[in-house]
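Engineer:
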Amino acid sequence: MQHIDDETLALLALGEDVLDDDARAHLSSCPECADAVARLARVVDAFDGADAADDLVAPDAAVWSRVQAELGLTGGTAAPPVVAPAAVADAPAGPTLPRAAAGPGTEDDGATGTAVVVPLAPRPRRVWVPVAAAAAAALVVGGVGGILWERREVEPPETTVASATLDPLPDWQGASGDARVEERPDGRRQVVVTVDAPVPDGTYREVWLLAEDLSGLVSLGVLDGTEGRFDVPDGLDLAEFPVVDVSEEHFDGDPSHSGDSVVRGPLDV
Numbered sequence: 000m001q002h003i004d005d006e007t008l009a010l011l012a013l014g015e016d017v018l019d020d021d022a023r024a025h026l027s028s029c030p031e032c033a034d035a036v037a038r039l040a041r042v043v044d045a046f047d048g049a050d051a052a053d054d055l056v057a058p059d060a061a062v063w064s065r066v067q068a069e070l071g072l073t074g075g076t077a078a079p080p081v082v083a084p085a086a087v088a089d090a091p092a093g094p095t096l097p098r099a100a101a102g103p104g105t106e107d108d109g110a111t112g113t114a115v116v117v118p119l120a121p122r123p124r125r126v127w128v129p130v131a132a133a134a135a136a137a138l139v140v141g142g143v144g145g146i147l148w149e150r151r152e153v154e155p156p157e158t159t160v161a162s163a164t165l166d167p168l169p170d171w172q173g174a175s176g177d178a179r180v181e182e183r184p185d186g187r188r189q190v191v192v193t194v195d196a197p198v199p200d201g202t203y204r205e206v207w208l209l210a211e212d213l214s215g216l217v218s219l220g221v222l223d224g225t226e227g228r229f230d231v232p233d234g235l236d237l238a239e240f241p242v243v244d245v246s247e248e249h250f251d252g253d254p255s256h257s258g259d260s261v262v263r264g265p266l267d268v
């Protein structure tokens with residue numbers, strides 16, 4: 000199965016369930032696709048809750064005392080109330096300053112010789128945050144998608160160096176499967192296995208490489224779903240272990256082969 004496309008990976012990072020069984024099995028066994036989803040999910044998490052409302056906290060009485068001293072206010076001037084931004088327009092007029100202390104931008108009432116502190120208009124709520132978050136996430140998704148696409152274009156594709164048809168064993172008539180060995184430009188090899196057979200309750204499938212005379216075997220891992228991709232251990236000679244075998248295993252704590260093979264077939268190495 001090919002890698003999951005970038006649009007689907009982005010939807011997964013946003014919490015959408017958009018995978019079928021084959022794609023889900025691929026994601027569980029492909030480190031490249033899993034890493035791409037994880038990076039996109041971190042972008043989504045970074046913006047989660049960014050539009051939370053600001054909480055206003057009443058300052059300590061000592062703060063207002065220092066303000067009075069700095070501005071030369073009378074000792075009996077009460078501290079202004081703490082109000083939510085939406086209610087500022089209806090708040091009572093603020094404290095008055097002596098004319099000598101009034102700074103630029105204050106209004107003179109013309110009678111008392113004092114300047115009135117005019118409340119500032121409420122700051123607009125940060126309604127742009129969700130939009131900016133979505134735009135930034137889309138930008139990162141697009142950037143990651145472009146990088147992945149460029150990398151796929153630059154890196155040569157895997158080469159299939161061997162394949163096999165997996166035939167059913169006598170107790171598993173009707174089952175079928177196939178396998179292929181893919182080699183990357185860096186020399187890393189993977190066995191891609193597909194199996195079509197029911198999985199009874201309480202069992203799971205395991206993929207093996209066997210010697211041609213069945214005298215030796217190497218476990219590649221658990222097959223989750225109908226398709227899986229497994230790394231071939233470095234230094235393993237496929238000519239010595241050319242048979243692909245998929246067994247039915249039980250949750251009994253025994254790591255050895257159960258002896259119950261579902262499908263099996265030799266690679267054309």
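In this text, residue positions in the sequence shown follow numbering that gives the first Met the number 0: the first is 0, and each later residue adds one. Cβ atoms here follow ideal geometry from the backbone N, Cα and C, with glycine treated the same way. All figures in this text were calculated on a predicted structure; none of them were measured in a lab.
Give me the Cα-Cα distance between residue 98 and residue 65, rounded to the nearest whole angstrom.
Structural biologist: Any answer about residue 98 is weak, because its pLDDT of 47 lies below 50 and its placement is not dependable; what the coordinates show is given next. C-alpha separation (whole angstroms): 19 Å.
Engineer: Measure the C-alpha to C-alpha separation of residue 169 and residue 231 and round it to an integer number of angstroms.
Structural biologist: Distance between the alpha carbons of residue 169 and residue 231: 28 Å.
Engineer: Who are residue 167's beta bridge partners in DSSP?
Structural biologist: 262, per the DSSP bridge assignment.
Engineer: Judging by CA-CA distance, which residue of 247, 200, 263 is the nearest neighbour of residue 256?
Structural biologist: Ranking 247, 200, 263 by Cα distance to residue 256 puts 247 first.
Engineer: Please confirm if the region 208–225 is in contact with the region 177–186, defined as three or more CB-CB distances below 8 Å between the two stretches.
Structural biologist: Contact fails: fewer than three Cβ-Cβ distances are below 8 Å.
Engineer: Evaluate residue 124 with the Cβ neighbour count: other Cβ atoms within 10 Å of its Cβ, from every protein chain shown; 16 or more gives buried, anything less gives exposed.
Structural biologist: With a pLDDT of 46 at residue 124, under the threshold of 50, the modelled position of this residue cannot be trusted, and the question is left open.
Engineer: Could you check where the alpha helix (DSSP H) with residue 231 kicks off and where it finishes?
Structural biologist: Careful: residue 231 lies outside any alpha helix (DSSP H) and carries neither H nor E.
Engineer: Does residue 209 pass the burial test, meaning 16 or more other C-beta atoms within 10 Å, or should it be called exposed?
Structural biologist: Label assigned to residue 209: buried.
Engineer: Between which two residues does the alpha helix (DSSP H) holding residue 209 run?
Structural biologist: That residue, residue 209, is in no alpha helix (DSSP H); its beta strand (DSSP E) goes 202–209.
Engineer: To the nearest angstrom, how far is it from the Cα of residue 157 to the Cα of residue 32?
Structural biologist: In a straight line, the C-alpha of residue 157 is about 16 Å away from that of residue 32.
Engineer: Using a Cβ-Cβ cutoff of less than 7 Å, which residues in the same chain neighbour residue 166 once the five nearest sequence positions on both sides are dropped?
Structural biologist: Contacts found: 262, 263, 264.
Engineer: Secondary structure at residue 10, three-state DSSP: helix, strand or coil?
Structural biologist: Note: residue 10 maps to helix in three-state DSSP.
Engineer: Distance, Cα to Cα, residue 241 vs residue 267?
Structural biologist: Straight-line Cα distance between these residues: approximately 8 Å.
Engineer: Would you call residue 213 buried or exposed, if buried means 16 or more other Cβ atoms sit within 10 Å of its Cβ?
Structural biologist: Its Cβ having fewer than 16 others within 10 Å, residue 213 is exposed.
Engineer: Would DSSP call residue 90 helix, strand or coil?
Structural biologist: For residue 90, the predicted structure reports a pLDDT of 46, less than 50, and the residue's modelled location is therefore unreliable. A value from the coordinates is still provided. Reduced to three states, the DSSP call for residue 90 is coil.
Engineer: When DSSP labels each residue in this structure, what does residue 24 get in the three-state scheme?
Structural biologist: Residue state, collapsed to three classes: helix.
Engineer: What residues are listed by DSSP as bridge partners for residue 176?
Structural biologist: DSSP, once it has assigned bridges, lists 165, 194 as partnering residue 176.
Engineer: Nearest by alpha-carbon distance to residue 24: which of 2, 39, 251 is it?
Structural biologist: If we check each option's Cα against that of residue 24, 2 comes out closest.
Engineer: Could you check the C-alpha separation between residue 40 and residue 12 for me, to the nearest Å?
Structural biologist: Their Cα atoms are separated by approximately 5 Å.
Engineer: From residue 17 to residue 10, what distance separates their C-alpha atoms?
Structural biologist: Computed Cα separation, rounded: 7 Å.
Engineer: Tell me, to the nearest whole angstrom, how far the beta carbon of residue 191 is from that of residue 174; I am working on the premise that it is less than 8 Å.
Structural biologist: No, residue 191 and residue 174 are not in contact; Cβ-Cβ is about 18 Å, not under 8 Å.
Engineer: Out of curiosity, what's the CA-to-CA distance linking residue 43 and residue 56?
Structural biologist: About 29 Å.
Engineer: Along the chain, where does the beta strand (DSSP E) containing residue 218 start, and where does it finish?
Structural biologist: Run containing residue 218: 216–222, per the beta strand (DSSP E) assignment.
Engineer: What residue does the beta strand (DSSP E) around residue 248 start on, and which one ends it?
Structural biologist: Run containing residue 248: 242–249, per the beta strand (DSSP E) assignment.
Engineer: Please state the DSSP three-state secondary structure of residue 189.
Structural biologist: Note: residue 189 maps to strand in three-state DSSP.
Engineer: Taking the C-alpha atoms as reference points, what is the distance between residue 206 and residue 162?
Structural biologist: Approximately 15 Å, taken between the alpha carbons.
Engineer: How many whole angstroms separate the CB atoms of residue 176 and residue 195, which I take to be in contact at a CB cut-off of 8 Å?
Structural biologist: Right, the Cβ-Cβ distance comes to about 6 Å (below 8 Å), so this counts as a contact.
Engineer: Could you give the distance in angstroms between the alpha-carbon of residue 251 and the alpha-carbon of residue 45?
Structural biologist: Cα to Cα, the separation comes out at about 43 Å.
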